[in-house]
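A.B. asks:
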Amino acid sequence: MIDLRDLRENPDKYRRGTELKGMRVDIDRLLALDSQRRALQSEQENLRARQRTIEKDLGPQIGKLAGAIKKASPDEKAALERELDGLKAKPAALKDQIQAIEPQIAAIEPELNSILLSVPLPPDADVPVGKGSDDNVEIRRWHPPAKAEEGPWGFDTNKSYEANRGFRPKTHLELVRDLGLADFERGVKMAGARSYVLTGDGFLLHNAVLRYAFDFMTLSNGFKAMSVPVLVKEECMVGTGFFPAGREQAYHIEESKRGGGYDQFLTGTGEVGLMGIHQDEILDASQLPIRYTTVSTCFRREAGAAGKDTAGLYRIHQFDKVEQVVICKADEAESRAWHTKMIGYVESLLQGLALPYRLLQCCTGDLGVKNADMIDVESWMPGRGEVSKDGVPSGAFGETHSASRLYDYQCRRLNMRYRAGGGGAGGKGATTFCHSLNNTVAASPRLLIPILEMWQNADGTVTVPPVLRPYMGGKSRIV
RNA sequence: GGUGGGGUGGCAGAGUGGUCGAAUGCGCCGGUCUUGAAAACCGGUAACGGUUUAAUAUCGUUCGGGGGUUCGAAUCCCCCCCCCACCGCCA
Numbered sequence: 044m045i046d047l048r049d050l051r052e053n054p055d056k057y058r059r060g061t062e063l064k065g066m067r068v069d070i071d072r073l074l075a076l077d078s079q080r081r082a083l084q085s086e087q088e089n090l091r092a093r094q095r096t097i098e099k100d101l102g103p104q105i106g107k108l109a110g111a112i113k114k115a116s117p118d119e120k121a122a123l124e125r126e127l128d129g130l131k132a133k134p135a136a137l138k139d140q141i142q143a144i145e146p147q148i149a150a151i152e153p154e155l156n157s158i159l160l161s162v163p164l165p166p167d168a169d170v171p172v173g174k175g176s177d178d179n180v181e182i183r184r185w186h187p188p189a190k191a192e193e194g195p196w197g198f199d200t201n202k203s204y205e206a207n208r209g210f211r212p213k214t215h216l217e218l219v220r221d222l223g224l225a226d227f228e229r230g231v232k233m234a235g236a237r238s239y240v241l242t243g244d245g246f247l248l249h250n251a252v253l254r255y256a257f258d259f260m261t262l263s264n265g266f267k268a269m270s271v272p273v274l275v276k277e278e279c280m281v282g283t284g285f286f287p288a289g290r291e292q293a294y295h296i297e298e299s300k301r302g303g304g305y306d307q308f309l310t311g312t313g314e315v316g317l318m319g320i321h322q323d324e325i326l327d328a329s330q331l332p333i334r335y336t337t338v339s340t341c342f343r344r345e346a347g348a349a350g351k352d353t354a355g356l357y358r359i360h361q362f363d364k365v366e367q368v369v370i371c372k373a374d375e376a377e378s379r380a381w382h383t384k385m386i387g388y389v390e391s392l393l394q395g396l397a398l399p400y401r402l403l404q405c406c407t408g409d410l411g412v413k414n415a416d417m418i419d420v421e422s423w424m425p426g427r428g429e430v431s432k433d434g435v436p437s438g439a440f441g442e443t444h445s446a447s448r449l450y451d452y453q454c455r456r457l458n459m460r461y462r463a464g465g466g467g468a469g470g471k472g473a474t475t476f477c478h479s480l481n482n483t484v485a486a487s488p489r490l491l492i493p494i495l496e497m498w499q500n501a502d503g504t505v506t507v508p509p510v511l512r513p514y515m516g517g518k519s520r521i522v
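Just so we're on the same page, this note's numbering is the position in the first sequence counted from 1, plus 43.
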């Protein structure tokens with residue numbers, strides 16, 4: 044959520060930001076509703092203030108009169124009661140006026156709030172302007188250095204797979220079928236389209252990747268391990284910025300309504316759970332930066348992606364992901380430094396797996412509502428891309444990670460603040476909304492695609508990357 | 001699911017119709033004392049929103065959430081949520 048006060052003062056900043064992101068939000072309508080509401084509010088508050096002063100004055104008198112009536116003789120009673128009614132008349136009239144304003148405000152608020160929630164965070168000035176993913180800008184590419192070891196060492200994405208490794212590669216679909224690593228037919232039988240069952244070494248490899256990534260973040264980089272709910276309230280989805288824009292992407296559990304009175308939704312990323320933890324809290328500045336990581340199952344409806352990437356492990360309804368988030372002070376330089384660092388973790392991780400990747404600076408049109416800046420990491424997937432006449436895919440980069448920088452957009456929605464000055468949570472100092480960032484660490488099975496395709500051998504086997512072997516009981520080859 | 005007890009400021013905890021944004025204690029901030037620190041003592045210490053200012057001032061809202069009664073609600077009534085204890089059921 045953006046700061047309504049800032050919008051009032053700099054409406055053009057938000058008009059421009061919305062346009063750059065290729066979104067449509069009626070900023071002028073929002074401004075009009077806001078000024079209407081404020082006018083009504085002041086009117087109501089002035090009346091209330093008057094009512095208060097009258098009450099202060101009248102209260103004791105009424106009390107005294109009421110007491111007198113109790114003790115009064117029947118003859119006196121009537122006169123005293125008339126006097127009491129007279130005293131009550133004045134505040135009663137004011138009360139009617141105050142209450143008359145109520146429905147007027149109530150009529151404005153739903154629309155105002157819904158527009159406010161849709162206003163996107165303007166992209167940063169250094170984000171390239173563009174319409175969509177085609178306008179994203181490649182920042183750099185990494186290729187694994189040559190090594191006298193089994194695997195994709197020395198791989199160069201500018202050359203064909205065959206030129207690199209001396210044999211025609213199989214796609215991950217073929218590998219998975221031939222090595223018995225996944226069963227799509229039975230997955231679909233049980234759960235419908237885009238479903239799968241990882242089998243045997245397929246599931247072991249999946250878990251190995253997650254464990255490797257999780258240990259890397261917690262043991263090597265000091266992130267705190269957290270488990271998170273994947274079934275959350277709507278409030279949590281709105282707070283983290285996924286709703287209302289992404290409502291179509293989430294599975295909605297209406298059954299939850301029965302007991303509790305609120306719906307629940309399956310989360311599409313562990314970010315929701317991690318960011319929701321400190322919702323409505325005022326943190327102590329000394330607690331920051333908070334660095335959390337989780338591994339959780341992610342659910343995505345993939346609405347609107349019908350017919351896209353229907354085969355294989357690329358675009359599926361359910362997967363597991365290690366996610367990292369950082370909650371830091373409201374300081375742009377610190378936010379930016381964390382962004383770089385969080386991307387660095389992913390680079391080390393992919394380098395450990397010898398997977399070629401590239402960094403893409405997402406353009407304004409490819410940013411979501413909540414991002415000021417986003418960098419995608421794409422891993423080389425030899426089985427993707429255009430297929431030549433003799434049936435060999437060209438290979439292509441496929442998105443495996445996405446690193447977002449959100450300023451205070453998300454924390455404002457979550458009402459997550461910290462106390463700047465003084466010590467202790469009860470100490471003095473102004474409260475400020477935190478900044479937040481998030482990035483994928485590893486999403487599997489999608490990451491299995493480059494791993495299997497890059498680490499396959501001419502004989503159809505797949506070498507287990509050395510960093511994953513400790514998580515596979517020392518196994519070095521899938522046959 | 002049943003019965004009973006609760007939800008008040010950063011925390012603990014008083015408050016059952018007006019003098020309550022709320023006692024008291026802890027914590028925190030500032031000061032006195034001290035070579036320095038601790039202790040002691042003194043003072044201060046909620047969030048959010050509106051109007052306004054150079055700093056400021058001022059008004060309003062908020063005692064789990066919503067609705068109601070009343071001239072007036074933390075306090076009374078209704079609905080909901082959450083927590084605790086015990087019982088039942090069950091991963």
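For each residue, glycine too, the CB sits at the ideal point set by N, CA and C.
Remember, predicted model here, so these are calculated numbers, not experimental data.
Considering just the uninterrupted stretch of the alpha helix (DSSP H) at T61, what are its terminal residues?
C.D. replies: P54 to L63
A.B. asks: Leaving aside the five residues before and after K174 along the sequence, list all residues of the same chain whose C-beta is less than 7 Å from its C-beta, in chain order.
C.D. replies: In chain order, G65 and G408 place their CB closer than 7 Å to the CB of K174, counting only its own chain and leaving out the 5 sequence neighbours on each side.
A.B. asks: Would you decide whether L262 is buried or exposed? Buried here means 16 or more other CB atoms lie within 10 Å of its CB.
C.D. replies: exposed
A.B. asks: Would you report the Cα separation of N264 and I148, rounded to the nearest angstrom?
C.D. replies: 50 Å
A.B. asks: Output yes or no for whether 9 Å exceeds the beta carbon distance between T336 and V365.
C.D. replies: yes
A.B. asks: Taking one C-beta from the region 345-352 and one from the region 316-329 each time, how about it: are there three or more such pairs within less than 8 Å?
C.D. replies: no
A.B. asks: Please state the DSSP three-state secondary structure of K372.
C.D. replies: coil
A.B. asks: Put A446 into one of helix, strand or coil per three-state DSSP.
C.D. replies: strand
A.B. asks: Tell whether a beta-carbon distance below 9 Å holds between T61 and E496.
C.D. replies: no
A.B. asks: For S479, does the three-state DSSP call read helix, strand or coil?
C.D. replies: strand
A.B. asks: Using only CA atoms, which one of M280, I182 and A150 lies nearest to Q79?
C.D. replies: A150
A.B. asks: If you count every other CB in all the chains shown that lies within 10 Å of the CB of R427, and 16 or more means buried, which is it?
C.D. replies: buried
A.B. asks: Quick check on P171: does DSSP put it in helix, strand or coil?
C.D. replies: In this structure, P171 counts as coil in the three-state DSSP scheme.
A.B. asks: Thinking C-beta only, is V68 closer than 9 Å to V162?
C.D. replies: yes
A.B. asks: Among R211, L83, D451 and T96, which one has its Cα closest to the Cα of A501?
C.D. replies: R211
A.B. asks: Measure the beta-carbon distance from L224 to L241 and round it to whole angstroms, keeping in mind my assumption that it falls under 8 Å.
C.D. replies: 7 Å
A.B. asks: Judging by CA-CA distance, which residue of G313, T312, N458 and E297 is the nearest neighbour of D306?
C.D. replies: E297
A.B. asks: Need the endpoints of the alpha helix (DSSP H) that E314 sits in, please.
C.D. replies: Run containing E314: G313 to G319, per the alpha helix (DSSP H) assignment.
A.B. asks: In terms of residues, what are the limits of the alpha helix (DSSP H) holding M497?
C.D. replies: L491 to W498
A.B. asks: Report back the beta-carbon spacing between R137 and Q84 to the nearest angstrom; my notes put them in contact at under 8 Å.
C.D. replies: It is Leu, not Arg, that sits at residue 137 in the sequence shown. Contact doesn't hold; Cβ gap of about 16 Å is too wide.
A.B. asks: Using the DSSP secondary-structure output, state which residues sit across from L398 in a beta bridge.
C.D. replies: DSSP, once it has assigned bridges, lists no residue as partnering L398.
A.B. asks: Restricting to Cα atoms, I'd like to know which of E390, T504, R455 and T483 is closest to R48.
C.D. replies: R455
A.B. asks: Decide if P153 is buried, meaning its Cβ has at least 16 other Cβ atoms within 10 Å, or exposed.
C.D. replies: P153 is exposed by the Cβ-count criterion.
A.B. asks: Between G313, Y514, M515 and G503, which lies nearest to E217 when the distance is taken from Cα to Cα?
C.D. replies: Comparing C-alpha distances from E217 to each of G313, Y514, M515 and G503 shows the shortest one belongs to G503.
A.B. asks: CB-CB under 8 Å to H249, same chain, minus the five flanking residues each way: which ones, in chain order?
C.D. replies: Excluding residues within five positions, the ones whose Cβ falls inside 8 Å are L241, D363, S487, P488 and L491.
A.B. asks: Enumerate in chain order the residues of its own chain whose CB-to-CB distance from T200 is below 6 Å, with the five nearest sequence positions on each side excluded.
C.D. replies: P399 and W423
A.B. asks: Straight-line CA distance for V315 to A268?
C.D. replies: 15 Å
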